[in-house]
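There are 2 protein chains.
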Amino acid sequence: MLQAAVGIADAHGLGALTMRSLAAELNAKPMSLYHYIRSKDELLDALVDGVFAEIELPEVGGDWRAEVRRRSLSARTVLARHPWALTLVEARTSPGPANLRHHDTMLGVLRAGGFSLQMTAHAYAIIDAYVYGFVLQEASLPFDGPDSANAVADSIMEGFAAGDYPHMVEFATQHVQQPGYHFGGQFEFGLDLILDGLAMHSGATRPS
Amino acid sequence: MLQAAVGIADAHGLGALTMRSLAAELNAKPMSLYHYIRSKDELLDALVDGVFAEIELPEVGGDWRAEVRRRSLSARTVLARHPWALTLVEARTSPGPANLRHHDTMLGVLRAGGFSLQMTAHAYAIIDAYVYGFVLQEASLPFDGPDSANAVADSIMEGFAAGDYPHMVEFATQHVQQPGYHFGGQFEFGLDLILDGLAMHSGATRPS
DNA sequence: TAAGTAAGGGGTACTAAGTACGATAGCCTT
DNA sequence: AAGGCTATCGTACTTAGTACCCCTTACTTA
């Protein structure tokens with residue numbers, strides 16, 4: 159059931175995931191689903207936790223920078239694959255077991271890496287803010303690939319006076335619309351910048 | 159009308175903002191609203207743009223670091239005041255005028271600060287990822303103030319074996335539950351860390 | 001002054017979606 | 001065979017968005 163629900167949300171968006179559509183996907187009737195979940199909210203909670211379970215866990219005791227980097231890349235990949243998950247996170251209150259396991263492991267990695275409690279809090283907040291925020295930006299981009307960017311930019315610009323948004327025009331024509339542009343490629347740059355900054359505050363490691 | 163809608167969403171959550179509740183707030187009937195908007199989607203678009211309009215614009219030509227810092231603090235404040243806005247951003251495709259103005263100005267500030275187009279892209283992506291992500295984390299925290307943190311932590315921990323999440327227990331008892339803890343206070347630390355990192359890549363400024 | 005007109009406001013009703021309630025059918029245990 | 005458990009389902013109520021069409025008011029124009 160969870161698989162089917164994730165499939166619908168991935169393919170057609172969270173809005174298309176209704177009890178009725180899910181039931182149809184499973185060749186069942188809507189009310190049959192309620193033998194497995196108490197409410198749709200509970201289903202959504204389970205979906206979020208399932209997404210967290212997909213993220214690679216770092217290893218406590220390894221090189222904190224490498225471990226955090228690996229799990230952050232994984233988190234970004236997983237969340238980009240299920241863009242609806244972030245929308246749900248905000249509304250859900252009680253974290254599931256995979257979510258808790260994840261948090262616990264990350265805290266362990268940072269602590270073992272020599273961060274004080276205070277710095278662990280800072281580091282974790284920054285890293286996850288960046289990962290979540292980046293995925294959120296990716297998800298809200300009005301275009302999917304490099305190709306559709308042009309059309310979108312054009313359609314936005316039309317209807318405004320030519321000089322209204324000079325910097326956006328420059329940015330769009332000189333950068334975004336250049337061959338090879340890909341928003342997602344910027345993720346690692348920012349991640350490394352943050353990890354560099356954090357390394358200066360860890361008790362054990364210097365930035366390279 | 160927009161004011162009333164924002165008021166409902168702020169006070170009772172986005173879920174409480176229905177055409178019917180909005181009409182009631184305005185002492186009108188649901189269908190009357192459709193003389194001013196074409197659909198609820200259009201209303202939500204307008205709300206998002208209204209939130210963006212609340213954010214302080216940076217000044218092009220000023221010290222990029224100070225300007226970006228000021229607008230980022232403002233963005234975080236505004237978005238925290240309207241936590242539902244981020245949820246909407248993901249679903250909306252076409253940015254409104256305030257949103258475009260905002261982006262254009264930020265790009266201008268960074269360009270004037272000596273960043274190359276490539277670095278401007280990187281910088282803007284990192285900064286906004288951080289701001290959005292931080293607000294998202296704040297919004298999804300299951301507690302509002304320092305006081306309720308204890309109760310929440312306890313209720314999460316019960317039902318799990320004592321040793322299941324050792325690092326979270328340490329973190330909760332030794333850090334989160336200490337007097338004076340406030341998640342939001344970490345925002346500036348991360349922002350400055352990022353700005354420091356970016357300053358090393360700007361053409362004109364050295365990190366202090 | 002009388003008639004026309006457009007804009008604001010609303011009544012009714014259809015559709016989609018979550019889900020409460022209770023019935024049914026197959027199967028298993030004693 | 002009788003009782004009970006489990007999965008499934010049919011019916012129907014509720015909330016929410018909104019299509020369709022009517023009414024009132026105020027202003028315009030002859």
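Top line first, the protein sequences correspond to chains A and B.
Per the numbering used here, the very first residue in the first sequence carries number 159; after that it's consecutive.
Per the numbering used here, the very first residue in the second sequence carries number 159; after that it's consecutive.
Every residue, glycine too, gets a C-beta built ideally from N, C-alpha and C.
Quick caveat: nothing in here was measured; it's all calculated off a predicted structure.
Is it buried or exposed, residue i, if we count other Cβ atoms within 10 angstroms and call 16 or more buried?
i: Leu-258(B); result: buried
i: Tyr-290(B); result: buried
i: Arg-269(A); result: buried
i: Gln-336(A); result: exposed
i: Glu-346(A); result: exposed
i: Gly-348(B); result: buried
i: Gln-344(B); result: buried
i: Gly-355(B); result: buried
i: Ala-186(A); result: exposed
i: Glu-296(B); result: buried
i: Ser-451(A); result: Since the first residue shown for chain A is 159 and the last is 366, residue 451(A) is missing from the structure and cannot be characterised.
i: Ser-360(A); result: buried
i: Leu-175(B); result: buried
i: Glu-200(A); result: exposed
i: His-340(A); result: exposed
i: Thr-331(B); result: exposed
i: His-193(B); result: exposed
i: Arg-196(B); result: exposed
i: Pro-188(A); result: exposed
i: Gly-338(A); result: exposed
i: Gly-321(B); result: exposed
i: Leu-265(A); result: buried
i: Pro-216(B); result: buried
i: His-260(B); result: buried
i: His-170(B); result: exposed
i: Arg-178(A); result: exposed
i: Ala-224(B); result: exposed
i: Arg-234(B); result: buried
i: Met-358(A); result: exposed
i: Leu-351(B); result: buried
i: Leu-299(A); result: exposed
Starting from residue i, trace the alpha helix (DSSP H) in both directions and tell me its first and last residue.
i: Lys-187(B); result: Taken as a continuous stretch (DSSP letters only), Lys-187(B) belongs to no alpha helix (DSSP H), as it is neither H nor E.
i: Met-326(A); result: 324 to 329
i: Pro-255(B); result: 255 to 270
i: Leu-172(A); result: It is not in any alpha helix (DSSP H) - Leu-172(A) carries neither H nor E in the DSSP assignment.
i: Ser-360(B); result: Careful: Ser-360(B) lies outside any alpha helix (DSSP H) and carries neither H nor E.
In this structure, does DSSP put residue i in helix, strand or coil?
i: Thr-245(A); result: helix
i: Arg-196(B); result: coil
i: Ile-213(A); result: coil
i: Val-289(B); result: helix
i: Val-218(A); result: coil
i: Arg-250(A); result: coil
i: Leu-353(A); result: helix
i: Thr-235(B); result: helix
i: Phe-273(A); result: coil
i: His-280(B); result: helix
i: Met-177(A); result: helix
i: Gly-321(A); result: coil
i: His-340(A); result: coil
i: Leu-299(A); result: coil
i: Gln-161(A); result: helix
i: Gly-335(A); result: Gly is not the amino acid found at residue 335(A); the sequence shown has Gln there. Note: Gln-335(A) maps to coil in three-state DSSP.
If residue i sits next to residue j, beta carbons under 8 Å apart, how far is it from one beta carbon to the other, in whole angstroms?
i: Val-247(B); j: Val-218(B); result: In fact, because the Cβ distance is near 24 Å, the residues do not count as touching under 8 Å.
i: Leu-244(A); j: Val-164(A); result: Not a contact, Cβ separation roughly 14 Å.
i: Glu-214(A); j: Arg-229(A); result: 5 Å
i: Leu-191(B); j: Leu-180(B); result: 6 Å
i: Tyr-323(A); j: Asp-262(B); result: 4 Å
i: Ala-204(A); j: Leu-160(A); result: 6 Å
i: Ala-287(B); j: Tyr-288(A); result: 5 Å
i: His-333(B); j: Ala-279(A); result: 6 Å
Check whether the Cβ of residue i lies closer than 7 Å to any heavy atom of the ligand NAP, and answer yes or no.
i: Glu-200(B); result: Ligands are entirely absent from the displayed structure, and the ligand NAP is therefore not among its contents.
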